[in-house]
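What follows is one structure encoded as structure tokens, with my remarks underneath.
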Amino acid sequence: MGLSKKQISSVEQVLKTSLRHKFQTYKPETSYMPFHYHLLGRDRMALYSFIQSLNTTFGTSIFEPVAEILAGLNFIVAEKQYVVGNTISEQAQTEINRIMNELTIGTSPNKMNEIERIRKVCIKGTMNKLKTVKVDLFVKSDDGTIHLFDLKTVKPNISNFKDFKRTLLEWIAIFLSKYPSAKVYSYVAIPYNPYEPKPYERWTLKGMLDLDNELKVADEFWDFLGGQGTYQDLLDCFERVGIELRDEIDEYFARFNR
Numbered sequence: 002m003g004l005s006k007k008q009i010s011s012v013e014q015v016l017k018t019s020l021r022h023k024f025q026t027y028k029p030e031t032s033y034m035p036f037h038y039h040l041l042g043r044d045r046m047a048l049y050s051f052i053q054s055l056n057t058t059f060g061t062s063i064f065e066p067v068a069e070i071l072a073g074l075n076f077i078v079a080e081k082q083y084v085v086g087n088t089i090s091e092q093a094q095t096e097i098n099r100i101m102n103e104l105t106i107g108t109s110p111n112k113m114n115e116i117e118r119i120r121k122v123c124i125k126g127t128m129n130k131l132k133t134v135k136v137d138l139f140v141k142s143d144d145g146t147i148h149l150f151d152l153k154t155v156k157p158n159i160s161n162f163k164d165f166k167r168t169l170l171e172w173i174a175i176f177l178s179k180y181p182s183a184k185v186y187s188y189v190a191i192p193y194n195p196y197e198p199k200p201y202e203r204w205t206l207k208g209m210l211d212l213d214n215e216l217k218v219a220d221e222f223w224d225f226l227g228g229q230g231t232y233q234d235l236l237d238c239f240e241r242v243g244i245e246l247r248d249e250i251d252e253y254f255a256r257f258n259r
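Each residue of the sequence shown is one higher than the one before, starting from 2 at the first, in my numbering.
So, in structure tokens, the structure goes:
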């Protein structure tokens, strides 16, 4: 299916706007690196610093708005930075702790089972207030199914996997505290595979995440939102924008050698 002409135009506009805004607001690192400057040139060092800075904002400035655009055509609701709620039942928190403890000692993750365990206690006991919880991307299918996405960097730190899992379970509990009968799922989404052409090293997440039901990498994520072929269409969008803005990019970094 792939992207419509309207989606392609919207995606490319997001990329152009984000990149140009970055040019206007970006300030290179001020640290003095004379050996690097003499060896590589100030323009290349500025480009390297710019890329590092861009990487830290890629999720919110590019991936999230692009994901919202893509999902907007195929889902009845698609919203980035969606407020999922601010209450969780005390018994749900206890159940999540039990699940986490079981996973820590070697129990295999089973997201469907975990969701139903949380559902049984989602409105039982004291309802505890939380700081407002947002998800990176919320989408709702025609049949009412809810999908909550946590967009992560392509090589998440292995020490954070337990935190990722707890977050996914807490999102379920928070949403069910308002809609106990809802059909709701939560995922870690990784926008591209840094190991390409080799498969993503899913084994690093195996102990905590249900890989079939909690993880979407590269085309699994983008094609889920926009339909089959979306991932390749998206790469083509990035390439076209890069070609279109090449002179602007070159001119911007050339000023660092003046």
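Note that the Cβ used here is the ideal one computed from N, Cα and C, for glycine as well.
Would you say the beta carbon of residue i comes nearer than 8 angstroms to a heavy atom of the ligand ATP?
{"i": "Val122", "result": "Ligands in the displayed structure: none, and consequently the ligand ATP is not present."}
Would you list the residues sitting across from residue i in a DSSP beta bridge?
{"i": "Asp151", "result": "Val189"}
{"i": "Phe139", "result": "Glu80, Leu149"}
{"i": "Met128", "result": "Ser90"}
{"i": "Lys217", "result": "Ala190"}
{"i": "Val134", "result": "Gly86"}
Excluding the five sequence neighbours on either side, which residues of its own chain have a C-beta within less than 7 angstroms of the C-beta of residue i, listed in chain order?
{"i": "Leu206", "result": "Phe162, Leu212, Leu216"}
{"i": "Phe225", "result": "Lys217"}
For residue i, which residues from the same chain have a beta carbon less than 6 angstroms from its beta carbon, with the 5 sequence-adjacent residues on both sides left out?
{"i": "Ile100", "result": "Glu115"}
{"i": "Lys81", "result": "Glu65, Glu69, Leu138"}
{"i": "His271", "result": "Here the chain covers residues 2 to 259 and nothing more, so residue 271 does not appear."}
{"i": "Ala72", "result": "Ala79, Val140, Leu226"}
{"i": "Lys112", "result": "Asp211, Asn214, Glu215"}
Would you mind stating whether residue i and residue j have Cβ atoms separated by less than 9 angstroms?
{"i": "Ile119", "j": "Leu177", "result": "yes"}
{"i": "Asp220", "j": "Gly3", "result": "no"}
{"i": "Gly227", "j": "Gln8", "result": "yes"}
{"i": "Leu20", "j": "Ile250", "result": "yes"}
{"i": "Val189", "j": "Lys132", "result": "no"}
{"i": "Lys141", "j": "Phe76", "result": "yes"}
{"i": "Val134", "j": "Val67", "result": "no"}
{"i": "Tyr27", "j": "Phe51", "result": "yes"}
{"i": "Ser54", "j": "Lys23", "result": "yes"}
{"i": "Pro195", "j": "Trp223", "result": "no"}
In or out: residue i buried (at least 16 other Cβ within 10 Å) or exposed?
{"i": "Ala255", "result": "exposed"}
{"i": "Glu171", "result": "buried"}
{"i": "Ile244", "result": "exposed"}
{"i": "Met34", "result": "exposed"}
With a threshold of 8 angstroms on Cβ separation, who are the neighbours of residue i within its own chain once the five nearest residues in sequence on each side are excluded?
{"i": "Ser90", "result": "Val122, Cys123, Ile124, Lys125, Gly126, Thr127, Met128, Asn129, Ala174, Ser178"}
Every unbroken alpha helix (DSSP H) within the stretch 159 to 197, with a cutoff of 4 residues, ordered by chain:
Counting only runs of 4+ residues, the alpha helix (DSSP H) found wholly inside the stretch 159 to 197 occupies 162 to 179, in chain order.
Quick one: complete alpha helix (DSSP H) runs, 4+ long, within the stretch 56 to 118?
Within the stretch 56 to 118, the runs of alpha helix (DSSP H) at least 4 residues long that lie entirely inside it are, in chain order, 65 to 73, 91 to 105.
Threshold first: 4 residues or longer. Then list the alpha helix (DSSP H) segments lying entirely within the stretch 23 to 47, N to C.
The stretch 23 to 47 contains these whole alpha helix (DSSP H) runs: 35 to 41.
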